[in-house]
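Number of protein chains: 2
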Amino acid sequence: MVGIIDVAKRAKVSTATVSRVLSSPHTVREETMGRVLEAIKDLDYHPNILARQLRTLETKTVIVVVPDISNPFFSKVLRGIEYVAAANGYQVLLKDTTNDLELESGYVDLLRQKKADGMIFLTVMNSELVNIVENQYPVVLACEYIEGSSIPTVSIDNISAARKATEYLIRLGHRQIAFISGPTTSVLGQDRLKGFYQALAQYNVTVDPVLIQEGDFTYESGFNVMNKLLALNQLPTGVFAANDEMALGAIKAIKSKHFRVPADISVIGFDNIKFSTIVEPELTTIAQPAFEIGNKAMDLLIKLMKNKKIIRNQYILDDKLIIRNSCVKKL
Amino acid sequence: MVGIIDVAKRAKVSTATVSRVLSSPHTVREETMGRVLEAIKDLDYHPNILARQLRTLETKTVIVVVPDISNPFFSKVLRGIEYVAAANGYQVLLKDTTNDLELESGYVDLLRQKKADGMIFLTVMNSELVNIVENQYPVVLACEYIEGSSIPTVSIDNISAARKATEYLIRLGHRQIAFISGPTTSVLGQDRLKGFYQALAQYNVTVDPVLIQEGDFTYESGFNVMNKLLALNQLPTGVFAANDEMALGAIKAIKSKHFRVPADISVIGFDNIKFSTIVEPELTTIAQPAFEIGNKAMDLLIKLMKNKKIIRNQYILDDKLIIRNSCVKKL
DNA sequence: ACCAATCCTGAATACGTTTACAATGCAAGC
DNA sequence: GCTTGCATTGTAAACGTATTCAGGATTGGT
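The structure is reproduced here in structure tokens:
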């Protein structure tokens, strides 16, 4: 393997000079630089990143922990992260927890071991993890957040967004509204439920607790939970699913029982994933600015890693109700 | 930062012994090990991976280059890769090219710079890249392959799979069959087209060249291309899309023009992504063993990295025709 | 009690960089 | 001519670990 010493010998300079040519070119004379560059080219020299990192204690790498890489919503957030990362010379390492909380603590080791300079969590973190990380490593949370922690966070206001979605159904005249929630472990899921309740309270609507059912954000769970709901005596006329995948599952279930969407049952989702328009009817949903969430999160992380001051540590981005064809006025 | 030296001092041993406790525990006396472990615990010592890697020249990391992380098919392959990687103590670093060929060559630098021990490409590689890589770095190709290269590959037989799909349409009585291809740059896309032609030849079916249109594997391109096809004088009665996303786009287009699937036009896809059943009708398609492809690819890569002999360098896995409701006998 | 063999351990070096510091050369100012 | 200062380069010491080699301790056999 050809190292910096070989280059130095060939260019008849010291290793320091070679290093300088690479990292601070303005400090070396033009003629010297020419010789060095030529030697680098001749020998096809590529600096050993490992050695550099050992010396500088910087990896220029960040790790993103994703609960489910196959969820199109997260893909979009990732794109946003990658975009800012690339622009700033950072590598992005992805870890898919496949919704397995146990694994998460292992990822902190990656920070301890200096495998990465910082980390973005797109998942819930167990509180134990929070304590370890807080004020010790550069970490930011995206989409999710943690009650009472000082870890910088970027997300939408899930409570108000869920309230908005529920309001929409209520204004269309629906009173029997079902809610398919995410796992109760996620703050995000809890918030959406909270928003749902707030809207009900505001409009003096009471719903049978049986209409509130827990899913796990997957298509299958949406399908299964909806089937349960369809077995009730009193059918809901509107369904609010805590994400689009579950909403799509719910629509599938409704149709398979030969009810119509939206004529018999209106359905509203959350996330606005790209597959939300491939079904008939197209899904009415809440759009999250996924790409921008990713941007902002990476932005914050970079500031954190550079020890820059962060003015606020809670960023709330705007969501938006996207009205398509899956909800309709109750007759 | 607490290093191996601090541990050594505290346990009153040399750094060598500490290192041994960590990497080859059986070579050190039990009592000594106890002292060392205690010191490690007391100091909350975590070995610096960077330094270790510099010493061993091993990163225990592999990089997977993905053309489009948001494509559910690739997510599944990734899961397969992750699974085997984790079982063998490897980290997986993901790079999303977003179908941008220019970026790919940059990834080889990651190998040169010893940022990773090996690499799996889920994308086409430009031939320039192949030359650099071949016989020099541990690299395997999954899904795609390269004509005449010796790089180990795992995939299905795209030609025969496409032939099978086309045959299915022909046997259902279709003669006006359209094909929505992938980008011509991908061997995979070409192969599926080849299989399509083979089936036509075998059954003496001739199709108007205008029925063969190029997409780019995205939902939108399927939608757009199908709209073009629907503007023809002579409509196709069957459509074969080179992947499911495009097939879903095509179905959307057909429905939006108020034709029926499959009554008016039958549609068959390729990949069997999880969203292939959320549409009405459920998509008939070719299933690839995505998870297994990932498994096998990582398997091969590990052997490669360990300099083990690889018996074959071309692995063909089985595909399967999944018959659902999007294709029907032509009346 | 002595020797050989075995088991543990420590000193020292290497991995390939970056960088603080020192050294050199040169031009300008006096 | 001498000093000062700047620009450029070199020397050498890190960074934190793994590992070779050799030496010391222990064991077992006689």
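Top to bottom, those sequences are chains X and E. Take the first sequence: its position 228, counted from the start at 1, is 228 in the working numbering, and no numbers get skipped. Take the second sequence: its position 218, counted from the start at 1, is 1218 in the working numbering, and no numbers get skipped. The beta-carbon is built from N, C-alpha and C at its ideal position, and this holds for glycine as well. Note that the coordinates shown come from a computational prediction; the quantities given were computed from them, not determined experimentally.
The beta carbons of residue 1242/E and residue 1171/E sit about 20 Å from each other, so the pair does not count as a contact at 8 Å. Here the C-alpha atom of residue 230/X lies approximately 8 Å from the C-alpha atom of residue 253/X.
In the DSSP annotation of this structure, the continuous segment of the alpha helix (DSSP H) that includes residue 15/X starts and ends at 15 to 23. Runs of the alpha helix (DSSP H) lying entirely within the stretch 1243 to 1308 of chain E and spanning at least 4 residues, in chain order: 1244 to 1256, 1290 to 1305. Straight-line spacing of the CA atoms in residue 82/X and residue 303/X works out to 16 Å.
Under DSSP, residue 1142/E shares a beta bridge with 1154/E. Taking every protein chain shown into account, the CB of residue 136/X has fewer than 16 other CB atoms within 10 angstroms, so this residue is exposed. Nothing from the stretch 1294 to 1321 of chain E brings a Cβ to less than 8 Å from some Cβ of chain X.
Judged by DSSP secondary structure, residue 1119/E falls within the beta strand (DSSP E) whose first and last residues are 1118 to 1121.
Taking a C-beta cut-off of 7 Å against chain E, the contacting residues of the stretch 206 to 219 of chain X are 219, listed in chain order. Within the model, the alpha-carbon separation for residue 1019/E versus residue 1218/E is close to 51 Å. Relative to the Cα of residue 1264/E, the nearest Cα in the group 1205/E, 1331/E, 1240/E belongs to 1331/E. Listed along the chain, the chain X residues whose CB falls inside 8 Å of the CB of residue 1047/E are 113.
Its chain contains 219, 222, 269, 275, 276, 279, 283 as the residues whose beta carbon lies nearer than 8 Å to that of residue 248/X, once the 5 sequence neighbours on both sides are disregarded; these appear in chain order.
The C-beta distance from residue 177/X to residue 240/X rounds to 6 Å, short enough to meet the 8 Å contact threshold.
In the three-state reduction of the DSSP assignment, residue 1217/E falls in the coil class. At a cut-off of 8 Å between beta-carbon atoms, residue 1279/E makes contact with chain X.
For residue 1255/E, the chain X residues whose Cβ falls inside 8 Å of its Cβ are 280, in order along the chain. Considering only 1244/E, 1260/E, 1246/E, the residue with the shortest C-alpha distance to residue 1235/E is 1260/E. Relative to the Cα of residue 1097/E, the nearest Cα in the group 78/X, 115/X, 112/X, 114/X belongs to 78/X. If only uninterrupted alpha helix (DSSP H) runs of at least 4 residues are considered, those enclosed by the stretch 152 to 212 of chain X are 158 to 171, 187 to 202. For residue 240/X, the beta-bridge partners assigned by DSSP are 179/X, 268/X.
Inter-residue distance for residue 1288/E and residue 1045/E is about 46 Å (C-alpha atoms, whole angstroms).
Taken through DSSP and simplified to helix, strand or coil, residue 318/X comes out as coil. One thing to note: residue 199/X has its Cβ no nearer than 8 Å to the Cβ of residue 319/X. A direct Cα-Cα distance of roughly 25 Å separates residue 1311/E from residue 1108/E. The alpha-carbon of residue 40/X is positioned some 22 Å away from that of residue 56/X. Taken atom to atom, the span from the alpha-carbon of residue 1021/E to that of residue 1052/E is near 14 Å.
With contact defined as three or more Cβ pairs closer than 8 Å, the stretch 112 to 128 of chain X and the stretch 1002 to 1009 of chain E are not in contact. Nearest to residue 272/X by alpha-carbon distance, out of 295/X, 255/X, 246/X, is 246/X. Closer than 7 Å at the C-beta level to chain X, one finds no residue of the stretch 1033 to 1044 of chain E. Neighbours of residue 96/X in chain E, taken as residues at a C-beta separation under 7 Å, are given in chain order as 1082.
Under the Cβ criterion of 8 Å, residue 1236/E is not counted among the residues facing chain X.
For residue 174/X, same chain residues with a beta-carbon under 7 Å away, outside a window of 5 residues either side, are 237, 238, 266, 330 in chain order. DSSP places residue 232/X in the coil class of the three-state scheme, outside both helix and strand.
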